[in-house]
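A.B. asks: First residue of the sequence shown? That's 411 in the working numbering, and the numbers climb one at a time after it.
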Amino acid sequence: MKKFVCYIILIVFGIAFGQNALAQYIDAPRDGFYDRTTNVERKPIPYVYVNESDVMWSQRIWRTLDLRERANQVFYYPTTPQEHWKNLMTVIMDALKDGEITAYDASTTDEFIVPMSYSEVMGKLSSSEKITLQRPYPPYEEYDTIIVRDFNTQDITTFRIKEDWFIDRKRSVMECRIIGICPVKQDIDPNTNEIRGTLPLFWIYYPEARQVMVNSEVFNPKNDSNRLTYDDVFWKRMFTSTIYKKSNTYDRRISEYATELDALLEAERIQNDLRLRESDMWQY
C-alpha cells in the first residue's frame, strides 16, 4: 500500500513538474518585436517544365564554392546554430539525420547512384589519429593511443556544385539548374598535419533538397526583415565560384591540363563562353 501511494505521489509530482516546465516554455519572452512566420513551411518555386525537344543546347559545369571568400561567408556562418539561423553544412546534416534528404557516395563518381545512411556519413566525417605518448611516471615507457576527432561543421570550407546550363527555344531563355551539391573536407596527413588534398564527402540531389533549403534562413546584411533562404541564394546565384570542370571528351578537370594562373584563365574562359552563348542567342 505504501509503495502504491509513493507511485501516485511521484506521478502527480511528475505531471506538475512537466506542466510547470511547459508553462515556462510557453511564457518565454519573444525574441523580437513581431512573430516570425514568413518562412514557416514555405514551398520552393517550382521549376518550369522543359521538354527535351525544346533544348537546343546544354552543357554541364562543375564549380568550387569557397566559403572563405567574403561573398560566400553567408554559407559558413553562424558557427554556432541559432533558432532561425544555421550554416549550410548544419542544415544539410540536420536534414540527413531527419531523413529529409539522401546522401550519395562521392568516392568514385558524382552521380547519384549509391545512397549512404546517416551513420555511414558520420563515419566519413569523423577522423581518428594514432599517436605515441610517454607515461608520466617511471619507467616513462611509450605507448600508442588513438585519438578520435569528432566532426565540426567549421571544418567544411568548400563545396562543389554540379549544374546544367541550357537554352530553351520554346521560352527563348538560357537557364541554369543546380543538380547536386557536395561538401568537401581537407585531407590532412595525421603525421605531419600537412594538407594532402581534398576529400569529397557525399553528394546531395539539389532538387530533393530544395524544400529544406527554402525553409532555412540566410543572413541578409542589408535588411534583417527581408529574410533570404538558401534556396533564394542559389536561385539568384548570390555567390562567387570557380569552374573546375566542364563536360568534355576526356572527362578531365581543368587541373589535369592547366595549372596555377593558366587554370584560372581557363576557368574564366569557360565562364566567358557561357556569357557569350547567351548574348549571341539574341543576335539576329
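Ideal Cβ positions, reconstructed from N, Cα and C, are used throughout, including at glycine.
#1: Is there a C-beta anywhere in chain D that falls below 7 Å from the one on I455?
#2: Which residue wins for smallest C-alpha separation from P696, given the options V624, Q469, N630?
#3: Identify which residue in I588, K572, Y553, T608 has its Cα closest to the Cα of I566.
#4: Identify the continuous alpha helix (DSSP H) that holds F644 and give its terminal residues.
#5: Using the rule of at least 16 other Cβ atoms within 10 Å of the residue's Cβ for burial, across every protein chain shown, is K646 buried or exposed?
#6: Using the C-alpha atoms, what's the distance from N625 back to Q492?
#7: So, with DSSP's three-state summary, where would you put K496?
#8: If you run the structure through DSSP and keep just helix, strand and coil, what is A433?
#9: Which residues in the same chain as Y616 place their Cβ atom closer than 7 Å to its Cβ, once the five residues preceding and following it in sequence are excluded?
#10: So, with DSSP's three-state summary, where would you put P593?
#11: Specify the secondary structure class of S657 as computed by DSSP and reduced to three states.
#12: Determine whether the beta carbon atoms of S468 and F576 lie at a separation below 7 Å.
#13: Quick test of your reading: A516 and L506, contact by CB under 8 Å. State the CB separation rounded to the nearest angstrom.
#14: Using only the alpha-carbon positions, how far apart do Y528 and R570 sit?
#15: Which residue wins for smallest C-alpha separation from R637, given the options H494, Y486, P454?
#16: Given 8 Å as the limit, is there contact between the region 475 to 489 and the region 648 to 658, that is, 3 or more CB pairs closer than that?
#17: Would you call A481 buried or exposed, if buried means 16 or more other Cβ atoms sit within 10 Å of its Cβ?
#18: Rounded to a whole number of angstroms, what is the C-alpha to C-alpha distance between V501 and P548?
C.D. replies: Answer, in terms of the structure:
#1: Judged by its chain identifiers, the structure shown contains no chain D, having just a single protein chain.
#2: In this structure the chain extends from 411 to 694, so residue 696 is not present and cannot be described.
#3: Comparing alpha carbon positions, the residue from I588, K572, Y553, T608 closest to I566 is T608.
#4: In the DSSP assignment, F644 falls within the unbroken alpha helix (DSSP H) covering 640 to 645.
#5: It counts as exposed.
#6: Roughly 14 Å between the two C-alpha positions.
#7: In the structure shown, K496 falls within a coil segment according to DSSP collapsed to helix, strand and coil.
#8: For A433, the predicted structure reports a pLDDT of 43, less than 50, and the residue's modelled location is therefore unreliable. The matter cannot be settled from this model.
#9: Contacts found: I588, I589, G590, I591.
#10: Here P593 sits in strand by DSSP.
#11: Here S657 sits in coil by DSSP.
#12: When the beta-carbon positions are compared, S468 and F576 come within less than 7 Å of each other.
#13: With a beta-carbon spacing of about 14 Å, A516 and L506 fall beyond the 8 Å limit used to define contacts.
#14: Here the C-alpha atom of Y528 lies approximately 20 Å from the C-alpha atom of R570.
#15: The residue among H494, Y486, P454 with its C-alpha nearest the C-alpha of R637 is H494.
#16: The region 475 to 489 is in contact with the region 648 to 658.
#17: Exposed.
#18: Straight-line measurement puts the Cα of P548 at about 50 Å from the Cα of V501.
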